[in-house]
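See structure below.
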Amino acid sequence: MDASEYDSNRFRLAGFDIAKSFFTELMDPDSDLADEHIDVGIYYLRKKYCYHLPRYPKSRCAVTDLLFDQYMTKLDGIHPSEEKMKIINKRKQKRMQDQKKSKSKRKRISKQQAEEEEEEEEEAVIQPLTDFSWFEEESTNEKVANYVKGLDLSCGISWASARKVFFPFRLKPRTGQTSTHYFFGILDFKDKIIYVYDSMGSVTYDRTLERVRIYARLIPHCLKCLDFGAHNKFYGESPVEKFQIMWMKTPQQTNNVDCGIFALKFIDMRLKKEDVFNFDQSQSLTFRKELAVNLWAHGKWKKDSGYETPEEQEGHDYGDFEETLCEFFD
Numbered sequence: 016m017d018a019s020e021y022d023s024n025r026f027r028l029a030g031f032d033i034a035k036s037f038f039t040e041l042m043d044p045d046s047d048l049a050d051e052h053i054d055v056g057i058y059y060l061r062k063k064y065c066y067h068l069p070r071y072p073k074s075r076c077a078v079t080d081l082l083f084d085q086y087m088t089k090l091d092g093i094h095p096s097e098e099k100m101k102i103i104n105k106r107k108q109k110r111m112q113d114q115k116k117s118k119s120k121r122k123r124i125s126k127q128q129a130e131e132e133e134e135e136e137e138e139a140v141i142q143p144l145t146d147f148s149w150f151e152e153e154s155t156n157e158k159v160a161n162y163v164k165g166l167d168l169s170c171g172i173s174w175a176s177a178r179k180v181f182f183p184f185r186l187k188p189r190t191g192q193t194s195t196h197y198f199f200g201i202l203d204f205k206d207k208i209i210y211v212y213d214s215m216g217s218v219t220y221d222r223t224l225e226r227v228r229i230y231a232r233l234i235p236h237c238l239k240c241l242d243f244g245a246h247n248k249f250y251g252e253s254p255v256e257k258f259q260i261m262w263m264k265t266p267q268q269t270n271n272v273d274c275g276i277f278a279l280k281f282i283d284m285r286l287k288k289e290d291v292f293n294f295d296q297s298q299s300l301t302f303r304k305e306l307a308v309n310l311w312a313h314g315k316w317k318k319d320s321g322y323e324t325p326e327e328q329e330g331h332d333y334g335d336f337e338e339t340l341c342e343f344f345d
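Positions 16 to 345 (the numbering used here) are the ones given, in order, by the sequence shown.
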């Protein structure tokens, strides 16, 4: 297929119709990656891992996506921590006092007050975290539980058969900022630790840690309710209330646009148990081009051959990976 004809006959990868600009932005060293790049890139790595397991070390790993991170962030709003509840209640009391002082006056709403009002709306859906929460149909809780079971994620595996779970994280831009920040973490069921890999280091440390704490607090509760220890030999019969968090030393990016590239490369390397320090900023453009070429070649092969990724089965562990016809280009 000629590139000039592409937009009228797009590839479909990871559930996305891929525009030509997807590839040009991916190869552009001055371009931020978008959520679509991250999820398509992770899908490609997850698919390679599931279908070509002999190329990887023996320990089994599950890999999530940015939608899972979105669910976890939403859950934190529904089931906030005790520390966050204290802040919410304190702000609520302050608002009530302010309302009493200005009963008949119409005040100009500042930006900070507007943000607090948004939090008040979210406060209306705050619920206690109970065992039943994870089984409530069509709820965000159930969607998270389905990831644990290996459902609702193409080329996903049940966490019950895995020792580790890889999580991509997304931090939205703050006011006045334009770039989204991506990093990733690994939950090791045996160690009961979430290992954090962030190419921005101390620059994003506080926000990164705040996000990972959501996972460290909520996932153990979900696993306990699903009786996870009875199904995962690494997790065992001794559940914890919270996972520990360990900040890992990593190569640091030297620009403001390559956090997504570093996150994808780190995921690829850790799936293969390679040292992340074998990658640095000088190799980022090469990896951008390699990933773009591989995704183009894979998309073209699927388009030309008429291949369609089969529907995922419940709890699929991809034991028949050697029989797949799906090709990859390394």
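Here a beta-carbon is modelled for each residue, glycine too, at the ideal position from N, C-alpha and C. None of the values given here were measured: they were computed from a predicted structure.
- Who are the Cβ neighbours of residue 251 in its own chain at under 7 angstroms, not counting the five residues just before and after it? On the sequence shown, position 236 is the one that residue 251 refers to. Answer for residue 251: 244, listed in chain order.
- Item | Integer Cβ distance of residue 182 from residue 212, believed to fall under 8 angstroms | For the purposes of this step, residue 182 is taken as the residue at position 167 of the sequence shown. For the purposes of this step, residue 212 is taken as the residue at position 197 of the sequence shown. Contact doesn't hold; Cβ gap of about 10 angstroms is too wide.
- Task: Taking the CB atoms as reference points, tell me whether residue 272 and residue 46 lie closer together than 8 angstroms.
- Result: As a first step, residue 272 must be located in the sequence shown, where it is residue number 257. As a first step, residue 46 must be located in the sequence shown, where it is residue number 31. Closer than 8 angstroms, so yes.
- Message: I want to know whether the segment 143–162 touches the segment 51–61 - three or more CB-CB distances under 8 angstroms.
- Response: no
- Where residue 235 sits in the DSSP three-state scheme: The residue you call residue 235 lines up with position 220 of the sequence shown. DSSP places residue 235 in helix when its eight states are reduced to three.
- Task: From the DSSP output, read off the bridge partner residues of residue 259.
- Result: One-based indexing of the sequence shown puts residue 259 at position 244. The partner list for residue 259 (beta bridge, DSSP) reads 208.
- Item | Cβ contact (3+ pairs, closer than 8 angstroms) linking the segment 82–99 and the segment 178–194 | yes
- Message: By the three-class DSSP mapping on this structure, what secondary structure does residue 94 have?
- Response: Walking along the sequence shown from the start, residue 94 turns up at place 79. Coil, per DSSP.
- Message: Using 8 angstroms for Cβ pairs, my map puts residue 237 next to residue 160. What's the rounded Cβ distance?
- Response: The residue you call residue 237 lines up with position 222 of the sequence shown. The residue you call residue 160 lines up with position 145 of the sequence shown. With a Cβ gap of about 6 angstroms, residue 237 and residue 160 count as contacting.
- Answer yes or no: do residue 258 and residue 207 have a C-beta to C-beta separation smaller than 8 angstroms? Residue numbering aside, residue 258 sits at position 243 when the sequence shown is read from its first letter. Residue numbering aside, residue 207 sits at position 192 when the sequence shown is read from its first letter. Contact: yes.
- Item | Beta-carbon separation (whole angstroms), residue 76 vs residue 233, contact threshold 8 angstroms | For this step, residue 76 is matched to residue 61 along the sequence shown. For this step, residue 233 is matched to residue 218 along the sequence shown. With 8 angstroms as the limit, residue 76 and residue 233 do not qualify as a contact, their Cβ atoms being about 20 angstroms apart.
- Can residue 102 and residue 141 be called in contact, C-beta distance under 8 angstroms? By one-based count along the sequence shown, residue 102 stands at place 87. By one-based count along the sequence shown, residue 141 stands at place 126. No, Cβ-Cβ distance for residue 102 and residue 141 is not below 8 angstroms.
- Inter-residue spacing [alpha-carbon to alpha-carbon] between residue 105 and residue 144: Here residue 105 refers to the residue found at position 90 when the sequence shown is read from its first residue. Here residue 144 refers to the residue found at position 129 when the sequence shown is read from its first residue. The alpha-carbon atoms of residue 105 and residue 144 are separated by roughly 21 angstroms.
- Message: Considering only the alpha carbon of each residue, which of 240, 255, 214 lies closest to residue 292?
- Response: As a working note, residue 292 is residue 277 in the sequence shown. Out of 240, 255, 214, 214 has the C-alpha closest to the C-alpha of residue 292.
- Item | Own chain partners of residue 269 with C-beta closer than 6 angstroms, once the 5 adjacent residues on each side are dropped | Translated into the one-based positions of the sequence shown, residue 269 becomes position 254. The residues are 296.
- Message: Would residue 7 and residue 41 qualify as a contact pair, given that the criterion is a beta-carbon distance under 8 angstroms?
- Response: Here the chain comprises residues numbered 16 to 345, so residue 7 is not present and cannot be evaluated.
- Cβ pair residue 90, residue 163 closer than 8 angstroms: Here the question's residue 90 lines up with position 75 in the sequence shown. Here the question's residue 163 lines up with position 148 in the sequence shown. Against a cut-off of 8 angstroms, the Cβ pair of residue 163 and residue 90 comes out as no contact.
- Task: Compute the Euclidean distance between the alpha carbons of residue 276 and residue 304, then round it to the nearest angstrom.
- Result: Taking the sequence shown and counting its residues from 1, the one referred to as residue 276 is at position 261. Taking the sequence shown and counting its residues from 1, the one referred to as residue 304 is at position 289. In a straight line, the C-alpha of residue 276 is about 11 angstroms away from that of residue 304.
- Distance between residue 107 and residue 134 (C-alpha atoms, nearest Å): Here residue 134 refers to the residue found at position 119 when the sequence shown is read from its first residue. Here residue 107 refers to the residue found at position 92 when the sequence shown is read from its first residue. Note that residue 134 has pLDDT 47, beneath the 50 cutoff, so the model's placement of it is unreliable and no number is given.
- Query: In the DSSP assignment, what are the bridge partners of residue 59?
  - Reply: Locating residue 59 in the sequence shown gives position 44, counting from the first residue. The partner list for residue 59 (beta bridge, DSSP) is empty, contrary to what the question assumes.
- Under three-state DSSP, which class holds residue 246? By 1-based counting over the sequence shown, the position of residue 246 is 231. DSSP places residue 246 in coil when its eight states are reduced to three.
- Message: DSSP has residue 78 in a bridge; who is on the other side?
- Response: As a first step, residue 78 must be located in the sequence shown, where it is residue number 63. Answer is 181, bridged to residue 78.
- Query: Between residue 256 and the rest of its own chain, which residues show a CB-CB distance below 7 angstroms, the 5 nearest in sequence each way excluded?
  - Reply: By one-based count along the sequence shown, residue 256 stands at place 241. Correct list, in chain order: 235.
- Kindly identify the DSSP beta-bridge partner or partners of residue 146. Here residue 146 corresponds to residue number 131 of the sequence shown, with the count starting at 1. Answer is none; residue 146 lacks a bridge partner.
- Out of curiosity, what's the CA-to-CA distance linking residue 187 and residue 274? If you number the sequence shown from 1, residue 187 lands on position 172. If you number the sequence shown from 1, residue 274 lands on position 259. So the alpha carbons of these two residues sit roughly 13 angstroms apart.
- Item | Inter-residue spacing [alpha-carbon to alpha-carbon] between residue 174 and residue 149 | Walking along the sequence shown from the start, residue 174 turns up at place 159. Walking along the sequence shown from the start, residue 149 turns up at place 134. Whole-angstrom Cα-Cα distance: 16 angstroms.
- Identify whether residue 54 lies in helix, strand or coil by the three-state DSSP scheme. As a first step, residue 54 must be located in the sequence shown, where it is residue number 39. It is helical.
- Query: Smallest Cα separation from residue 263: which of 201, 39, 228?
  - Reply: Within the sequence shown, numbered from 1, the residue matching residue 263 stands at position 248. Nearest of 201, 39, 228 to residue 263, Cα basis: 201.
- Opening and closing residue of the alpha helix (DSSP H) in which residue 162 lies: Against the sequence shown, residue 162 aligns to sequence position 147. Note, residue 162: alpha helix (DSSP H), 155–164.
- Neighbourhood of residue 146 by C-beta, 7 angstroms cutoff - its chain only, sequence neighbours within 5 removed: Indexing the sequence shown from 1 puts residue 146 at position 131. Contacts found: 240.
- Query: Do residue 44 and residue 300 have their CB atoms nearer than 8 angstroms?
  - Reply: Counting from 1 along the sequence shown, the entry for residue 44 is found at position 29. Counting from 1 along the sequence shown, the entry for residue 300 is found at position 285. Yes, they are a contact pair.
- Where do the ends of the alpha helix (DSSP H) carrying residue 282 lie? The residue given as residue 282 occupies position 267 in the sequence shown. Residues 274–286.
- Query: Alpha carbon to alpha carbon, how far is residue 62 from residue 170?
  - Reply: Residue 62 sits at position 47 when you count from the first residue of the sequence shown. Residue 170 sits at position 155 when you count from the first residue of the sequence shown. Computed Cα separation, rounded: 6 angstroms.
- Task: State the CB to CB distance for the pair residue 64 and residue 78, rounded to an integer number of angstroms; the pair is presumed to be in contact (CB under 8 angstroms).
- Result: If you number the sequence shown from 1, residue 64 lands on position 49. If you number the sequence shown from 1, residue 78 lands on position 63. Confirmed, about 7 angstroms.
- Classify residue 48 as helix, strand or coil using the three-state DSSP reduction. Here residue 48 is taken as the residue at index 33 of the sequence shown, counted from 1. Coil at residue 48, not helix or strand.
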